[in-house]
Structure formats: structure tokens, C-alpha cells
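Numbering that gives the first Met the number 0 applies: residue 0 is where the sequence shown begins, and numbers increase by one. Only one structure is covered here, and it is reproduced in the block below.
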Amino acid sequence: MSVNERRPGFATRAIHEGDWSETVAEQPVSPPIWLTADYLYEGLDHYADVINERRPGFVYGRYGNPTHVALHRVLASLDGAEAAWSFASGMAAVHTSLTALVRTGEHIVAQRTIYGGTFSLLSKVFPDYGIRTTFVEPEAQAVADAMQADTRAVLVETLANPTFRVADVAGIAAVCAERAVPLVVDNSIATPYLLRPLEVDGVTLVLHATTKYINGHSDVISGSVAGPRDLIENRIRRLALDQGTTAAAFEAWLILRGVQTLALRMERQCATALAVAGALAGHRKIEAVGYPGLPDHPDHERASALFGGAGSGAMLSVRMAGGYEVAARACDALRIARVGSSFGSMHSQVCHPATTSHRQLSAKEREAAGIGDGLLRVAIGGEDAQDLIEDFLQALDKA
Ligand SMILES: Cc1ncc(COP(=O)(O)O)c(C=O)c1O
């Protein structure tokens, strides 16, 4: 009896009987997760045609699947981009995007006050590949002065982690446009809800650690980049395939789910951050509150122009009078906000950048970046504003 005539064996049925390839007439509200690493084809030619891009289709998880397609569509749309690609982490997005633009022997200009992981990549890893970086203030003149004949990318964060100073995106973009140097903007903290950097002439790529607000629930590590189709699909995507930095399917699906509530979350979290910043400003145990939504903040005008009044982000820095000791006591006393390792979710989190997220900077580099020992980074979550304000005030009392 051939296998076609008899019932296949136990192991074969376990592998093949779970097939669901019928078309479903009813459209699911939540898209399916394409949790498949690989695909099956009609024959050798079919597979060869798809992998060689002679025919549309799917190849392998690292090359993307329908869940990724849906995610890339929404991310590109929110950033006003032609195309987007998603990555296994924000750092993967930074790494693949920059290595798509810069070769051995070439140069990058980057903002001095930048996420510690990005600083470490630029200052410790890239030099081993022969890529140099000059760190500057995120101002047009400083960027222009730092440019060299072989500068191939400029990198800035719109709202700098962890000081939340606002970069002169328009001025820097004008310098980059004039010299035809790609400007890469890490917009993880502002998010496309507040700012779509690609609308500014001279911005080439926008990056996000989608780990943060775009996902919004502290359950994903992922990143994305959006920009011109040719650059994204023919350079960044191809490099991501070889570097192996593409997002996993389940993570792509979680971001697709999380991004649906980005506007609701950002609206509320920005409003709460403004209320908390206002309540803490002027407190006797605080030297300065760094929140560009406060009218007396040095970047207030710039933030209003860039973000169009939609808010000033959901994060603030707090420089404690009394330095680390007082900061640590205040953090220990928090009951609702907690000491935590990330930001961008429903949970309010506080960290001490000098010893954690920005530990990669030397004491001198931290001083230049404005990251003193008394500085706390505060990420406002979705809790009630009054509860958070009372929590911070009681913690300050005990500090
Ligand atoms: C501004 C910014 N960019 C990039 C990253 C890196 O993202 P990930 O942790 O997902 O690799 C972070 C992480 O905190 C960040 O704050």
C-alpha cells in the first residue's frame, strides 16, 4: 500500500494535518501573526523566482512575512515615508541604517547627548571598523563645523535621551541638504505623533526604538527605520538580511497592535508629563526640571515649532539639589513610579542615567553631555496625573 492510499502515520499527521490554507471570507480585525520561519513552493522554479525577486512572494522569516508587510505599511504611513523596515531592536535599526550609509574610512557627525547604547556603538564599536564619529551639540553651526570631506551621515535625537533638550532639526537638515549628507533622526522619544522628521527638507531617514512608545507596553524589543523606497528596500533591507537584524514575527505583530493606540497614549502621557513637570518645577529639592513644555525652558519655542502644540513628550529630566544621595533616597521612596530600565510604556519609570543608561560615557563625556550625578530621567506612564504628582512630592519629602 502506497502512502497515497493508506492513512499516513502518526508523525506525518502531526506535521501535516494542521494545515489551514483555505481563504477566509471574513476579515479578522486583528491580523494573523505569520509565525512561520519558512515557506513551501510549487516547485524549484517557484522558490528560485521568489528568492531572486522575479516573482512576488515570501522567502524566509528574516526576509519578512505578511505581518511585517502590514507593520511596515503603517510605520511608513505614520512617518510620511515611502517605505519602512523593522528590526530586532532599536540598536539593530541604528546599526543597520548607519552601516548602510557609512563605509570603512568614513565619518559620522552625531549629537553628543544621545542614548548610551548608540554612543557606545559610535565611540567604541565603529572605530574598530574604521568609522570615525565627531560628537557635537545638536545645532546647525556645530554640525556644519564638524563636517569633513568624508562625512557620510549625521545622527541626532529629536528629544535627547536623557536631558530632553530639543535638536535644531530644521537647521541641521538645511546644513545636510546643502552638503548632500544624509541626516538620520532618532525620533524614539518624540514619536511620529509629535513630529514627522521626514516632512523637514533635508532629513533622509527616521529611526525609532519601537520598543518604546510605538509599542507602548514594555513587552517588545524592536526598532524601525523609514525613508525613501530605494534606500530602504535596496540598501537597508538587503543589509538587514545579511546582518540578520530583521524583527521577529511575534514582535512585529505586537508592535502592529501597540501602534494602534499611539495617539491616545501620547496625548495622555504628554499631558500628564506637563502636569508633573509643572508640579515639580521650583521644588526646593530640585535644581532644574528639564521639560521643553514648560514656558521657561530654553527649548520651549523650538519644541512648540517642531511639535506644533501636540505636546512636548512624556519624559522629563530632574536635576536634584544634593546630587546622587538625595536622588537615590527620592527613588527609594516612590510608590507608583518605579526605578526601571526603560520608558515608553504605561508604567512610569525613573532611572539614574549616569550609572545605568549612560554608563558607557566617561565622567568627562557625561559632564559635556549634561548628565550629572544628580540627574534623574523620568518617564511618565498612563497612571492618573494626580497620583503621580502626589507620589513624586511625597518621595521628595522623604529624600
Ligand atoms: C533614543 C533611543 N534610541 C535607541 C534605543 C535603542 O533601542 P533598543 O533598546 O530597542 O535597542 C534607545 C534605548 O533606550 C533609545 O533610548
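Glycine included, each C-beta is placed from N, C-alpha and C at the ideal position. This one's a predicted model, so the numbers in the text were calculated from it and none came from an experiment.
Taking Cβ positions, are residue 188 and residue 214 nearer each other than 9 angstroms?
-> Cβ atoms of residue 188 and residue 214: not closer than 9 angstroms.
Member of 64, 246 and 200 whose CA lies at the smallest distance from the CA of residue 88 | Looking from the CA of residue 88, the closest CA among 64, 246 and 200 belongs to 246.
Look at the alpha carbon of residue 0 and the alpha carbon of residue 8, and state the distance between them as a whole number of angstroms.
-> Confidence at residue 0 is low in this model, with a pLDDT of 46, below 50, so the placement of that residue is unreliable and no value is reported for it.
Under 8 angstroms by Cβ, that's how I've got residue 148 and residue 135 pegged, so tell me the actual separation to the nearest angstrom.
-> The Cβ separation is near 17 angstroms, so there is no contact.
Grouping DSSP H, G and I as helix and E and B as strand, with all else coil, what is residue 386?
-> Annotated three-state conformation of residue 386 is helix, per DSSP.
Answer yes or no: the CB of residue 93 versus the heavy atoms of ligand 1, is any distance below 8 angstroms?
-> Yes, ligand 1 has a heavy atom inside 8 angstroms of this Cβ.
Any idea what DSSP makes of residue 84, helix, strand or coil?
-> Per DSSP, reduced to three states, the secondary structure at residue 84 is strand.
Specify the secondary structure class of residue 106 as computed by DSSP and reduced to three states.
-> The answer is strand: DSSP assigns residue 106 an E or B state.
Cα-Cα separation, residue 381 to residue 212 | Taking the straight line joining both Cα atoms gives about 11 angstroms.
Coarse secondary structure for residue 257, derived from DSSP in three states | It is helical.
Where residue 389 and residue 379 are concerned, what is the direct C-alpha to C-alpha distance, given to the nearest angstrom?
-> Between residue 389 and residue 379, the C-alpha separation is close to 14 angstroms.
Work out the CA separation of residue 244 and residue 314 for me, nearest whole Å.
-> Each residue's Cα considered, the two are about 28 angstroms apart.
Applying the criterion that 16 or more other CB atoms from any shown protein chain within 10 Å of the CB defines a buried residue, is residue 51 buried or exposed?
-> Exposed: under 16 other Cβ atoms inside 10 Å.
What's the C-alpha gap between residue 5 and residue 11?
-> The alpha-carbon separation between residue 5 and residue 11 amounts to approximately 12 angstroms.
Where the beta strand (DSSP E) containing residue 348 begins and where it ends | Here the beta strand (DSSP E) through residue 348 covers 348 to 350.
Outcome for residue 233 when other beta-carbon atoms lying within 10 angstroms are tallied against a minimum of 16 | Exposed: under 16 other Cβ atoms inside 10 Å.
Pick helix, strand or coil for residue 232, following the three-state DSSP scheme.
-> Here residue 232 sits in helix by DSSP.
For residue 394, which option in 357, 371, 338 and 358 has the closest C-alpha, if you only look at C-alpha atoms?
-> Comparing Cα-Cα distances from residue 394 to each of 357, 371, 338 and 358, the minimum goes to 338.
Chain-order list of residues whose beta-carbon lies under 7 angstroms from that of residue 118 (same chain, five-residue window excluded) = Around residue 118: 359 and 360.
Helix or strand or just coil, what does DSSP make of residue 465?
-> Outside the displayed range of the chain (0 to 398) lies residue 465, so it cannot be described from this structure.
Inter-residue CB distance, residue 106 and residue 85 (contact presumed, cutoff 8 angstroms) | Going by Cβ atoms, the distance from residue 106 to residue 85 rounds to 28 angstroms, so no, they are not a contact pair.
Bridge-paired residues (DSSP) for residue 225 | For residue 225, which the question treats as bridged, DSSP gives the partners 83 and 205.
Sort out for me which residues DSSP pairs residue 401 with in a bridge.
-> Only positions 0 to 398 of the chain appear in the structure, and residue 401 is not among them; the question remains open.
Strand pairing of residue 156, partner residues [DSSP] = Beta-bridge pairing links residue 156 to 185.
Are the region 281 to 294 and the region 314 to 334 in contact at 8 angstroms, needing three or more beta carbon pairs?
-> In the pairwise beta carbon analysis, the region 281 to 294 is classified as touching the region 314 to 334: at least three pairs are separated by under 8 angstroms.
First and last residue of the beta strand (DSSP E) that includes residue 195?
-> Judged by DSSP secondary structure, residue 195 falls outside any beta strand (DSSP E); it is assigned neither H nor E.
Local conformation of residue 378 per DSSP, three classes | In the structure shown, residue 378 sits in a strand (DSSP, three-state: E or B).
Decide if the region 248 to 256 is in contact with the region 272 to 279; the criterion is three or more beta carbon pairs, one per stretch, under 8 angstroms apart.
-> Verdict: no, contact absent.
Leaving aside the five residues before and after residue 370 along the sequence, list all residues of the same chain whose C-beta is less than 6 angstroms from its C-beta, in chain order.
-> Contacts found: 352, 353 and 357.
Please confirm if the region 296 to 311 is in contact with the region 331 to 346, defined as three or more CB-CB distances below 8 angstroms between the two stretches.
-> Contact fails: fewer than three Cβ-Cβ distances are below 8 angstroms.
Might you give, ordered along the chain, the residues of its own chain that have their beta carbon closer than 8 angstroms to the beta carbon of residue 385, omitting 5 neighbours on each side?
-> Once the five neighbours on either side are set aside, residue 385 has no close Cβ partner at all.
Which value, in whole angstroms, describes the spacing of the CA atoms of residue 405 and residue 306?
-> Residue 405 lies beyond the stretch modelled for the chain, which goes from 0 to 398, so this question has no answer here.
Between the region 89 to 96 and the region 214 to 231, do three or more beta carbon pairs fall short of 8 angstroms?
-> These segments touch.
Would you tell me roughly how many angstroms separate the C-alpha atoms of residue 343 and residue 19, rounded to the nearest one?
-> C-alpha separation (whole angstroms): 37 angstroms.
Under the criterion of a Cβ to heavy atom distance below 8 angstroms, does residue 182 qualify as lining ligand 1?
-> No, since every heavy atom of ligand 1 falls outside the 8 angstroms radius drawn around the Cβ of residue 182.
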